[in-house]
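Each step along the sequence shown adds one to the number in our numbering, with nothing skipped, and position 367 is 370. Some notes on the structure that comes next.
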Amino acid sequence: MNSLNFGKSVRYPISETCTYYKMVLLYLAVGVVLTTALALYAYFTRTFNYWKSKNVVGPEPVAFFGNLKESTLRRKNIGVVFQEFYKQFPNEKVVGVYQMTTPCLLLRDLDIIKHIMIKDFDVFIERGIEFSKEGLGANLFHADADTWRSLRNRFTPLFTSGKLKNMLHLITERADKFRDYVYHLCNDNPEQEIHSLFQMYTMGTISACAFGVDIDTLHDKLETFHEMDKLVLTPSYASELDMMFPGILKWFNSSIFSVKIKDFFYDLVKSVISQRGGLPTKRNDFMDLILELRQQGRIETTKRHDETQKLILELSDDIIAAQAFIFYVGGYETTATTVSFLLYQLAMNPDIQDKLLAEIDQSLEDNNGVVNYDTIQSMRYLDKVLNETLRMYPIVEPLKRIAKVDYKIPGTDVTIEKGTTVIVSPIGIHHDEKYYPNPHIFDPERFSPENSGQRHPCAYIPFGTGPRNCIGMRFARLQGSVGLVKLLSKVRVEPSKNTQKIMDIEPNRIIIGPKGGVRLNIIQRKPINA
Numbered sequence: 004m005n006s007l008n009f010g011k012s013v014r015y016p017i018s019e020t021c022t023y024y025k026m027v028l029l030y031l032a033v034g035v036v037l038t039t040a041l042a043l044y045a046y047f048t049r050t051f052n053y054w055k056s057k058n059v060v061g062p063e064p065v066a067f068f069g070n071l072k073e074s075t076l077r078r079k080n081i082g083v084v085f086q087e088f089y090k091q092f093p094n095e096k097v098v099g100v101y102q103m104t105t106p107c108l109l110l111r112d113l114d115i116i117k118h119i120m121i122k123d124f125d126v127f128i129e130r131g132i133e134f135s136k137e138g139l140g141a142n143l144f145h146a147d148a149d150t151w152r153s154l155r156n157r158f159t160p161l162f163t164s165g166k167l168k169n170m171l172h173l174i175t176e177r178a179d180k181f182r183d184y185v186y187h188l189c190n191d192n193p194e195q196e197i198h199s200l201f202q203m204y205t206m207g208t209i210s211a212c213a214f215g216v217d218i219d220t221l222h223d224k225l226e227t228f229h230e231m232d233k234l235v236l237t238p239s240y241a242s243e244l245d246m247m248f249p250g251i252l253k254w255f256n257s258s259i260f261s262v263k264i265k266d267f268f269y270d271l272v273k274s275v276i277s278q279r280g281g282l283p284t285k286r287n288d289f290m291d292l293i294l295e296l297r298q299q300g301r302i303e304t305t306k307r308h309d310e311t312q313k314l315i316l317e318l319s320d321d322i323i324a325a326q327a328f329i330f331y332v333g334g335y336e337t338t339a340t341t342v343s344f345l346l347y348q349l350a351m352n353p354d355i356q357d358k359l360l361a362e363i364d365q366s367l368e369d370n371n372g373v374v375n376y377d378t379i380q381s382m383r384y385l386d387k388v389l390n391e392t393l394r395m396y397p398i399v400e401p402l403k404r405i406a407k408v409d410y411k412i413p414g415t416d417v418t419i420e421k422g423t424t425v426i427v428s429p430i431g432i433h434h435d436e437k438y439y440p441n442p443h444i445f446d447p448e449r450f451s452p453e454n455s456g457q458r459h460p461c462a463y464i465p466f467g468t469g470p471r472n473c474i475g476m477r478f479a480r481l482q483g484s485v486g487l488v489k490l491l492s493k494v495r496v497e498p499s500k501n502t503q504k505i506m507d508i509e510p511n512r513i514i515i516g517p518k519g520g521v522r523l524n525i526i527q528r529k530p531i532n533a
């Protein structure tokens, strides 16, 4: 047998020596793996004592995911996840949570929410994520404080009652087409998927009102728009990356949206500008305002508490495309989803539907069949039904703000450190028995003047609250209301054999939406020309 002589007296067989070295290498490999695993575990749990050290309770985090394992793996919608945290700690004013490894604070107390979102807004003016302005990051929803303030001041006039009245004919024309299309569609097959149907209507109205583009969405191919819808509203793992390493997207000039989305809205804006010859056309729509500002080249405004300091925003193509993006998305998907939920609840609650149909019929009779701005405003029960829908299904979840400086929460011993994200769960608040008894029951009378007047101002926040609430909420309500009135003037909705008994929320969307769509029977109740 071959052997090796290590010294004079000991001889080791080669096979034993090889085995020895293999074992050494194995132990070294195991040691490296264990050391690496322990180091990674330590790194991805390094912050998990943060809230305990401040005596703030919260759900137990897990390595890497923090408290967002279910949403990161796309098992649950992130809004539903925060609703569960809200319900888990009913006696707490604030709850400590971890977005991946980053400590954040979930607010439960309405007075605290009012302080942070309204009274002390200037401390919490920034939203919870920033990304490249070249990647649509300069839009009104995501923009940094100075960009947001400059844009908000100029775009707010688009949504006055006067401007909405001027745009109403664009909405009603498309609502008429939509009503006629659906009416004839249900002749052959009463059962329809409501969400995708209403996307056609909202796509047409926002295209006309924002960009002056007349898209016949009832006949043209919708593949491009459906693709944009999927790309925009499917959660991107870039969001989780920014939660784990706050600011990384901005540092690397990256975005949560793909280049394809950016190019689509660049091309859309470029096409409209070209059609109008680069000049305002007195349509008084979004693109007219953009063209007016484009001629100026920049937007000038002043800081909120110091009018001597000017803010100057250069109106680049990035800025223009970003606003086109947020106006389109805000006026397309959110309204379609809200109306889908509303029709589902009408189908499941026929007594409520009968009452609403009676109001619609009476209002149209009183106005000779004309749907105008005042007609919509006079429909009090429609307003209640819409409010109750938004209570049960607030679309944008959750709300986030970042502290600019250290902030001691009034009435507590908790200090929010600079850079910390605070979170509000509208769906958690809206389903809290304390504010809405039997919250799972659809009851429009919750929004009678008497009941609404007794409610805390932050107990109902489907469009956010404070200065940075949704700028387009009045347009969204008008857009949805007109479509509903036109449609329900001729049809009613009923459950079909495929209607969900319990409405599940789609986990793989960045907004609250119906999982699997909303399938209902659409039943003709009046002749189309009556």
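Cβ coordinates follow ideal geometry from the N, Cα and C atoms, glycine included.
Report task. Would you be able to state if there are at least three C-beta pairs under 8 Å between the region 516-526 and the region 179-195? Result -> yes
**Report entry** CA-to-CA distance, E336 to D232, given in whole angstroms
**Finding:** 8 Å
Report task. Provide the residue span of the beta strand (DSSP E) that contains C107, from first to last. Result -> 105-110
Query raised in the report: Can you give the Cα-Cα distance for L487 and N169, rounded to whole angstroms?
Result: 20 Å
Query raised in the report: Got a sec? Which residues, its chain only, sit under 7 Å from N472 by beta carbon, not counting five neighbours each side?
Result: F466
Requested in this report: In the DSSP assignment, find the unbroken alpha helix (DSSP H) run with Q195 in it and report its ends.
Outcome: Here Q195 belongs to no alpha helix (DSSP H); instead the beta strand (DSSP E) covers 194-196.
**Report entry** Distance cut-off 6 Å: K117 Cβ against heavy atoms of the ligand GDP
**Finding:** Looking for the ligand GDP in the displayed structure turns up nothing, as the structure carries no ligands at all.
Requested in this report: Only counting runs of 3 or more residues, tell me where the beta strand (DSSP E) segments fall wholly within the region 302-352, in order along the chain.
Outcome: 309-317
Requested in this report: Could you name the residues that DSSP lists as bridge partners for L523?
Outcome: Q195, P498
Query raised in the report: Do V494 and R528 have their CB atoms nearer than 7 Å?
Result: yes
Query - Simplified DSSP assignment, three categories, for L221 - result: Low confidence applies to L221: its pLDDT is 46, below 50, so where it sits in the model is not reliable, and the reading given next is rough at best. L221 falls in the coil class under three-state DSSP.
Query raised in the report: Which residue or residues does DSSP assign as beta-bridge partners of K403?
Result: I426
Query raised in the report: Which residues mark the beginning and the end of the beta strand (DSSP E) in which Y439 is found?
Result: Per DSSP, Y439 belongs to no beta strand (DSSP E) and is neither H nor E.
Requested in this report: Mind the definition here: the region 103-118 touches the region 427-445 only if three or more C-beta pairs lie below 8 Å; say whether that holds.
Outcome: yes
Query raised in the report: Are I514 and V332 close, meaning C-beta to C-beta below 7 Å?
Result: no
Query raised in the report: To the nearest angstrom, how far is it from the Cα of F134 to the Cα of L37?
Result: 36 Å
**Report entry** W151 burial status per 10 Å Cβ neighbour count (16 or more: buried)
**Finding:** buried
Query raised in the report: Beta carbon of D149, beta carbon of L314: below 7 Å?
Result: yes
Query raised in the report: Can you list, in chain order, the residues of its chain whose CB lies under 6 Å from that of A178, leaving out five sequence neighbours each side?
Result: V485, G486, K489
Report task. Rank M247, L139, E243, P440 by C-alpha distance to the C-alpha of L76 and give the top, closest one. Result -> E243
**Report entry** Inter-residue CB distance, V374 and T175 (contact presumed, cutoff 8 Å)
**Finding:** 6 Å
Query raised in the report: Can you give the Cα-Cα distance for L221 and T468, rounded to whole angstroms?
Result: Bear in mind that the predicted position of L221 carries a pLDDT of just 46, short of 50, making it unreliable; the figure below should be weighed with that in mind. Going by the C-alpha atoms only, they are around 35 Å apart.
Requested in this report: Kindly indicate which residue of E391, S199, M506, V275 has the alpha-carbon position closest to the one of F214.
Outcome: V275
Query raised in the report: Which one of T50, H187, A479 has the shortest CA to CA distance from V342?
Result: A479
Query raised in the report: Curious, which full-length alpha helix (DSSP H) runs of at least 4 residues does the region 38-123 contain?
Result: 53-56, 72-75, 81-91, 113-117
**Report entry** Buried or exposed (CB count within 10 angstroms, at least 16 for buried), I323
**Finding:** buried
Query - Backbone CA spacing between V408 and A42 [nearest angstrom] - result: 32 Å
Requested in this report: Taking 7 Å as the cut-off, decide whether the C-beta atoms of G138 and S258 are in contact.
Outcome: yes
Report task. Please determine if the region 354-362 and the region 294-306 are in contact, where contact requires at least 3 C-beta pairs separated by less than 8 Å. Result -> no
**Report entry** Entirely enclosed alpha helix (DSSP H) segments - the region 157-215, minimum 4 residues
**Finding:** 164-191, 197-214
Report task. Would you kindly work out how many angstroms separate the C-alpha atoms of F9 and T48, rounded to a whole number? Result -> Low confidence applies here, because F9 scores a pLDDT of 49, under 50, leaving its location unreliable; read the following figure in that light. Each residue's Cα considered, the two are about 48 Å apart.
Query raised in the report: What does E129 pair with, by DSSP beta-bridge criteria?
Result: I405
**Report entry** Classification of L29 by the beta-carbon crowding that lies within 10 angstroms, buried from 16 upward
**Finding:** exposed
Query raised in the report: What is the C-beta distance between V126 and Y410, in whole angstroms, given that I count them as a contact (C-beta under 8 Å)?
Result: 5 Å
Requested in this report: For L200, collect the residues of the same chain with a Cβ closer than 7 Å to its Cβ; drop the 5 residues on either side in sequence, then sort them by chain order.
Outcome: V185
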